[in-house]
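I have placed the structure first, in the form of structure tokens, so that the comments after it can refer back to it.
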Amino acid sequence: MLPSENSSPRKTFKKLRNSFHLIKSQVGFHHCKWFLLIILIQVTFILFLAGTSSPTSPPQQQQQQQNFQIVKPHNIQKHKQNKNQVQNLRDSEPKNEHQIQSKGQVKNFQDSKPKKEHQKQLAKAKEPHDECESGRVYVYDLPTKFNKDLLNNCHDLDPWSSRCNAVSNGGLGPKATGLESIVPENLQSAWYWTDMYSAEVIYHERILNYKCRTLDPKNATAFYIPFYAGLAIGKILWFTTAKERDQPSEQMLQWVKEQPYWNKNNGSDHFLMLGRLTWAFRRKTDDDNDWGTSFLRMPLMKNVLRLSVEKNPWDDLEVSVPYPTAFHPQFETEIKQWQDLVRSRNRSSHFCFVGAVRKKIKNDFREVLMNYCKNETGSCKVVDCSVAHCYDGAPAILEAFLDSDFCLQPKGDGFTRRSMFDCMLAGSIPVYFWEGSFKTQYEWHLPLPSEDYSVYMDHTVVRNDTSIVRKVLDKFSKEDVRKMREILIDAMPKYLYARSNQGLGSSNDAFDIAIDEVLKRFKQQREQKQILETTRKDENSIE
1267 MLPSENSSPR
1277 KTFKKLRNSF
1287 HLIKSQVGFH
1297 HCKWFLLIIL
1307 IQVTFILFLA
1317 GTSSPTSPPQ
1327 QQQQQQNFQI
1337 VKPHNIQKHK
1347 QNKNQVQNLR
1357 DSEPKNEHQI
1367 QSKGQVKNFQ
1377 DSKPKKEHQK
1387 QLAKAKEPHD
1397 ECESGRVYVY
1407 DLPTKFNKDL
1417 LNNCHDLDPW
1427 SSRCNAVSNG
1437 GLGPKATGLE
1447 SIVPENLQSA
1457 WYWTDMYSAE
1467 VIYHERILNY
1477 KCRTLDPKNA
1487 TAFYIPFYAG
1497 LAIGKILWFT
1507 TAKERDQPSE
1517 QMLQWVKEQP
1527 YWNKNNGSDH
1537 FLMLGRLTWA
1547 FRRKTDDDND
1557 WGTSFLRMPL
1567 MKNVLRLSVE
1577 KNPWDDLEVS
1587 VPYPTAFHPQ
1597 FETEIKQWQD
1607 LVRSRNRSSH
1617 FCFVGAVRKK
1627 IKNDFREVLM
1637 NYCKNETGSC
1647 KVVDCSVAHC
1657 YDGAPAILEA
1667 FLDSDFCLQP
1677 KGDGFTRRSM
1687 FDCMLAGSIP
1697 VYFWEGSFKT
1707 QYEWHLPLPS
1717 EDYSVYMDHT
1727 VVRNDTSIVR
1737 KVLDKFSKED
1747 VRKMREILID
1757 AMPKYLYARS
1767 NQGLGSSNDA
1777 FDIAIDEVLK
1787 RFKQQREQKQ
1797 ILETTRKDEN
1807 SIE
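Right under this line is the structure:
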């Protein structure tokens, strides 16, 4: 330590010299202790200097420590980098009572700041996530003649052939075969030859194990009617009267209308799945020669929501859902593996056409596309289903789509066809010729706008000049095609049906999306009804 500025060096040296002579005069005859006395002199000198210094006062030390603790660096990033060093310095300092009190005051000041937003976020984080925030669905236990008995008598569902394969494995159909050269071995178990009209069975199987199903109708937001309308009319669409075709639907509605929860809202919170296209249920007259049934025109159906593989664009109570394809993954990893395969596939054809000519239809547009493609052998790959087996899927179909950038999609039995989804599943970009094939269809499941991942050409223009097909498709660069394909790949889980009754975990498949949207719709409908009733009560009270 340094001596005080008030001490004179001359006086200090004089005092030291006097002390030395005094000690030496006392040891003149004790030479043996000289060395020890020298040590004592050094100690005396050190103590003397210590007595002349001016130590820093404790209040000043505390003020310095306090200033160090509360002053923050202006450079925030630098402060973060040195945070550990500063903390180590603080931990090494003696924590006197004044320091502890100061820290307590700072903490109380910080705690007194407004934290409303933080508290809201914290409360939200602590609350368990409600997977069923839109409500729950109650599944009616219909008499078995409306569903299970149809499956048990599957040999009689079609007047020409057995439908037992089509409805097997919960509607997924038999295991797919012959895909060894196309599909990786560990993914082959996810492939089935699924019938295009089996969605009724698939939805029923899935909804029985749905995470938001309730066994108590009092807790239900939606009521599901598991009526296999498509299967019920399959065997009576031909060679029967209009009255016979309507009978299964009329009997089902008679049973449902007697249920208390039907009468509560006149069926406006009820829904069902139609495996066939909507047009099979819209017969307008009682003429026996008219096609289909009048199921959707029956008075009791005026409030019921319908899911269908093709909707009537002018009916607000109908929603279209994807056709079932052949791929039914059980795990998210299976989807990701297939997406990677589709993304990296080397494609040898510019476009393709899969289908069969309908000779009974005059000027069939499919025949126009078939003839054009057969003449464009360098650009178009053809799978003629009048020659090759195409029913419910085939290795040749999947391979054609995987090898092509674009796939030509004319109308099917309606405006849409199952092939559209087989095509997208393989990463091939669909080319439509009717606006009804994509506009207003599958709005819950496919991204918008559709122009980002599909191509439209008017069928009348193509019929007059088929060469326009290649001219239009040639305008798309490789980068354009890649971007369009990537949209289809990313959306893939939304238009697939999982084979697990529990779905795909964190990814929602086509079924999950459809039921969730139904619940949202009914929840909103109920809330609007409650607001309307409250408003009317208020108006009546004022009067």
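Letter by letter, the sequence shown follows residues 1267 to 1809 in our numbering.
We put the CB at the ideal spot given by N, CA and C, even for glycine.
Beta bridge counterpart(s) of residue i as assigned by DSSP
{"i": "W1457", "result": "F1593"}
{"i": "L1674", "result": "V1697"}
{"i": "H1421", "result": "Per DSSP, none; premise fails for H1421."}
{"i": "H1536", "result": "F1489"}
{"i": "Y1722", "result": "Y1698"}
{"i": "V1649", "result": "V1620"}
{"i": "K1441", "result": "Y1458"}
{"i": "L1770", "result": "S1773"}
{"i": "Y1404", "result": "F1489"}
{"i": "V1585", "result": "L1573"}
{"i": "R1765", "result": "Paired residue(s): none; R1765 is not in a bridge."}
{"i": "R1479", "result": "V1403"}
{"i": "S1614", "result": "Beta-bridge pairing links S1614 to no other residue."}
Buried/exposed call for residue i, threshold 16 Cβ in 10 Å
{"i": "E1805", "result": "exposed"}
{"i": "F1412", "result": "buried"}
{"i": "F1505", "result": "exposed"}
{"i": "N1578", "result": "buried"}
{"i": "P1590", "result": "buried"}
{"i": "K1647", "result": "buried"}
{"i": "T1801", "result": "exposed"}
{"i": "G1771", "result": "exposed"}
{"i": "S1400", "result": "buried"}
{"i": "V1585", "result": "buried"}
{"i": "E1397", "result": "exposed"}
{"i": "K1741", "result": "exposed"}
{"i": "N1535", "result": "The displayed chain sequence assigns Asp, not Asn, to residue 1535. By the neighbour-count rule (16 or more Cβ atoms within 10 Å), D1535 is buried."}
{"i": "G1439", "result": "buried"}
{"i": "P1760", "result": "Checking the sequence shown, residue 1760 turns out to be Lys, not Pro. Burial call: buried."}
{"i": "D1357", "result": "Residue confidence for D1357 is low, a pLDDT of 44 falling below 50, so the modelled location carries little weight; the figure read from the coordinates is stated next. By the neighbour-count rule (16 or more Cβ atoms within 10 Å), D1357 is not buried but exposed."}
{"i": "D1422", "result": "exposed"}
{"i": "R1572", "result": "buried"}
{"i": "L1712", "result": "buried"}
{"i": "L1481", "result": "exposed"}
{"i": "P1696", "result": "buried"}
Length of the line joining the Cα atoms of residue i and residue j
{"i": "L1408", "j": "L1519", "result": "11 Å"}
{"i": "L1739", "j": "K1550", "result": "41 Å"}
{"i": "K1789", "j": "T1726", "result": "44 Å"}
{"i": "S1766", "j": "N1531", "result": "33 Å"}
{"i": "R1792", "j": "L1607", "result": "45 Å"}
{"i": "P1715", "j": "A1660", "result": "31 Å"}
{"i": "E1799", "j": "K1626", "result": "56 Å"}
{"i": "G1702", "j": "K1602", "result": "31 Å"}
{"i": "S1720", "j": "E1524", "result": "47 Å"}
{"i": "I1781", "j": "C1673", "result": "30 Å"}
{"i": "D1746", "j": "Y1698", "result": "18 Å"}
{"i": "F1489", "j": "L1668", "result": "40 Å"}
{"i": "K1501", "j": "S1428", "result": "10 Å"}
{"i": "E1598", "j": "M1686", "result": "23 Å"}
{"i": "D1554", "j": "F1547", "result": "14 Å"}
{"i": "L1497", "j": "L1416", "result": "7 Å"}
{"i": "P1425", "j": "R1511", "result": "14 Å"}
{"i": "Y1476", "j": "K1677", "result": "34 Å"}
{"i": "M1499", "j": "H1470", "result": "In the sequence as displayed, the identity of residue 1499 is Ile instead of Met. Spanning the two alpha carbons is a distance of roughly 18 Å."}
{"i": "M1567", "j": "R1609", "result": "44 Å"}
{"i": "N1419", "j": "C1430", "result": "8 Å"}
{"i": "W1528", "j": "A1486", "result": "12 Å"}
{"i": "P1450", "j": "E1717", "result": "32 Å"}
For residue i, the nearest candidate out of the options (CA to CA)
{"i": "P1595", "options": "G1444, N1452, E1516 and V1403", "result": "N1452"}
{"i": "I1491", "options": "V1405, R1748 and K1749", "result": "V1405"}
{"i": "F1617", "options": "L1417, A1692, T1487 and P1590", "result": "A1692"}
{"i": "V1433", "options": "E1446, E1466 and G1444", "result": "E1466"}
{"i": "I1473", "options": "D1778, I1797 and Q1796", "result": "D1778"}
{"i": "A1442", "options": "Y1458, N1435, G1436 and D1422", "result": "Y1458"}
{"i": "V1250", "options": "M1539, W1557, L1445 and R1613", "result": "The structure shown does not extend to residue 1250, since the chain spans only 1267 to 1809, so no value can be given for it."}
{"i": "G1769", "options": "L1445, L1423 and C1478", "result": "C1478"}
{"i": "G1436", "options": "Y1494, N1730, N1774 and S1574", "result": "Y1494"}
{"i": "M1462", "options": "K1628, N1641, S1574 and R1611", "result": "S1574"}
{"i": "M1541", "options": "T1507, L1754, R1684 and M1564", "result": "Residue 1541 is actually Gly in this sequence, not Met. Answer by Cα proximity: R1684."}
{"i": "T1682", "options": "Y1638, L1543, E1471 and F1537", "result": "L1543"}
{"i": "V1735", "options": "Y1638, L1754 and A1757", "result": "Y1638"}
{"i": "K1484", "options": "K1795, V1403, D1731 and S1615", "result": "V1403"}
Any non-hydrogen atom of the ligand GDP closer than 6 Å to residue i Cβ
{"i": "W1580", "result": "This structure does not include the ligand GDP; it has no bound ligands of any sort."}
Those runs of the beta strand (DSSP E) which lie wholly inside the region 1546 to 1583 and span at least 3 residues: 1571 to 1574
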